[in-house]
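Colleague: Just add 719 to wherever you are in the sequence shown, counting from 1, and you've got the working numbering. Just so it is clear, CB atoms sit at the ideal spot from N, CA and C, and this is done for glycine as well. Supplied in structure tokens, the structure appears directly below.
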Amino acid sequence: MLARRRSVTLIGPLRYVPAPSRRHTWRQLVAEPTAARVRAAFLETADLAASVLARPEVARVWEAPSALRLLSVRGLAGHLVRGATTVEVYLDRPEPEGEPISAAEYYARALPENEDITTPIHTAIRERGEGQAAAGPERLAADAAAACARLRERLASEPTTRLMSVYKETVLRLDDYLRTRLVELTLHVDDLCVSIGVPTPELPVAARAAAIETLLEVARLRHGDLAVLRALARRERDPVDALRVM
720 MLARRRSVTL
730 IGPLRYVPAP
740 SRRHTWRQLV
750 AEPTAARVRA
760 AFLETADLAA
770 SVLARPEVAR
780 VWEAPSALRL
790 LSVRGLAGHL
800 VRGATTVEVY
810 LDRPEPEGEP
820 ISAAEYYARA
830 LPENEDITTP
840 IHTAIRERGE
850 GQAAAGPERL
860 AADAAAACAR
870 LRERLASEPT
880 TRLMSVYKET
890 VLRLDDYLRT
900 RLVELTLHVD
910 DLCVSIGVPT
920 PELPVAARAA
930 AIETLLEVAR
940 LRHGDLAVLR
950 ALARRERDPV
960 DALRVM
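Written out as structure tokens, the structure reads:
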């Protein structure tokens, strides 16, 4: 018996809406990036990160090197927490004026293409992570859980039009900034689990979809669509490693 085909409609760059089915696929989740869905994915992923931070393995190897070069487990744990708590920090600022940019444009501007991790920007990132974790693993895990609870209440009351002034006074919509946080949380939950020697838990589908979409858009902005197509399907013609954006 032949499988029934599902109709697929293209409604813009990287936006696909399959016909209704019993299961939500990642494409459906990417296709409808409503504020409620983005916020729910962020909160679920932040809760997951807090649960990983509370594992005893984190405290056991606190001062050991992490899976990331020049970064200790302590610094990585602190950086992971900042992936969520910066939302509070920036929401506390006055709402800015100006034209907002997308999550992908934020990364394209904020992170240099140069992979030298000894540059001032990368050094500052490591220092902020170490500072966040200065009080120790138990306190950091407790702070992460408390931040998740506060953000759950706060995000429920913020309008979809909310603008934020973030790193280098860049203006983003709140929900686009949450997409950048989903990139940070999904990547660094995996980094921390690898660092402490435990399996990475299954990340929320919507979080994975948002992170992949954002990173792919960064690649398109930096290298163009032809380079991305070659990186996906013609690696022998991919001299710039176009999909490597971090």
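How long is the line joining the alpha carbons of E846 and A961, rounded to whole angstroms?
Modeller: Answer to the nearest angstrom: the Cα atoms are 29 Å apart.
Colleague: Of all the alpha helix (DSSP H) runs that stay within the bounds of the stretch 905-961, which reach a length of 4 or more residues?
Modeller: If we require 4 residues or more, the alpha helix (DSSP H) runs fully inside the stretch 905-961 come out as 924-942 and 944-952.
Colleague: Please name the residue, chosen from Y825, H798, R793 and S785, that lies closest to E936 on a Cα-to-Cα basis.
Modeller: Ranking Y825, H798, R793 and S785 by Cα distance to E936 puts Y825 first.
Colleague: Express the C-alpha separation of I820 and A928 in angstroms, rounding to a whole number.
Modeller: Approximately 20 Å, taken between the alpha carbons.
Colleague: Measure the Cβ-Cβ separation of R900 and G802 and say whether it is below 7 Å.
Modeller: In contact: R900 and G802 (Cβ atoms closer than 7 Å).
Colleague: Where DSSP assigns a beta bridge to R892, which residues make up the other side?
Modeller: Answer is L882.
Colleague: Shortest alpha-carbon distance to L789 belongs to which of R954, E818 and T837?
Modeller: Of the listed residues, the one whose Cα sits closest to L789 is T837.
Colleague: Nearest-angstrom Cα distance between L859 and L945?
Modeller: Each residue's Cα considered, the two are about 44 Å apart.
Colleague: Under DSSP, the alpha helix (DSSP H) around T842 begins and ends at which residues?
Modeller: Per DSSP, T842 belongs to the alpha helix (DSSP H) from P839 to Q851.
Colleague: Of the choices G855, R756, L767 and A754, whose alpha-carbon is the least far from that of L906?
Modeller: Among G855, R756, L767 and A754, the Cα nearest to that of L906 belongs to L767.
Colleague: Tell me whether P784 sits in a helix, a strand or coil according to DSSP, three-state version.
Modeller: The answer is strand: DSSP assigns P784 an E or B state.
Colleague: From the DSSP output, which residues share a beta bridge with I820?
Modeller: For I820, which the question treats as bridged, DSSP gives the partners L891.
Colleague: To the nearest angstrom, how far is it from the Cα of S791 to the Cα of P958?
Modeller: Their backbone Cα atoms lie some 32 Å apart in a straight line.
Colleague: Expressed to the nearest angstrom, what Euclidean distance is found between the alpha-carbon atoms of E877 and R953?
Modeller: Looking at the two C-alpha atoms, the distance is approximately 44 Å.
Colleague: Assuming L934 contacts V902 under a Cβ cut-off of 8 Å, what Cβ separation, rounded to an integer in Å, is found between them?
Modeller: Contact holds; Cβ gap of about 6 Å.
Colleague: Between which two residues does the alpha helix (DSSP H) harbouring D862 extend?
Modeller: Its alpha helix (DSSP H) spans residues P856 to S876.
Colleague: Please identify the residue among R793, E782 and E807 whose C-alpha is closest to the C-alpha of M883.
Modeller: With distances taken between Cα atoms, M883 lies closest to E807.
Colleague: Would you call R742 buried or exposed, if buried means 16 or more other Cβ atoms sit within 10 Å of its Cβ?
Modeller: Confidence at R742 is low in this model, with a pLDDT of 43, below 50, so the placement of that residue should be treated as unreliable; the coordinate-derived value is given next. Exposed.
Colleague: I'd like to know whether the C-beta atoms of A754 and D894 end up nearer to each other than 7 Å.
Modeller: Contact flag set, yes.
Colleague: Got a sec, what are the start and stop residues for the alpha helix (DSSP H) A766 sits in?
Modeller: Checking the sequence shown, residue 766 turns out to be Asp, not Ala. Run containing D766: A754 to L772, per the alpha helix (DSSP H) assignment.
Colleague: Throw me the rounded Cβ distance for the F761 and L922 pair, which I believe falls under 8 Å.
Modeller: With a Cβ gap of about 12 Å, F761 and L922 do not count as contacting.
Colleague: What residue does the alpha helix (DSSP H) around P775 start on, and which one ends it?
Modeller: Counting along the chain, the alpha helix (DSSP H) containing P775 begins and ends at P775 to R779.
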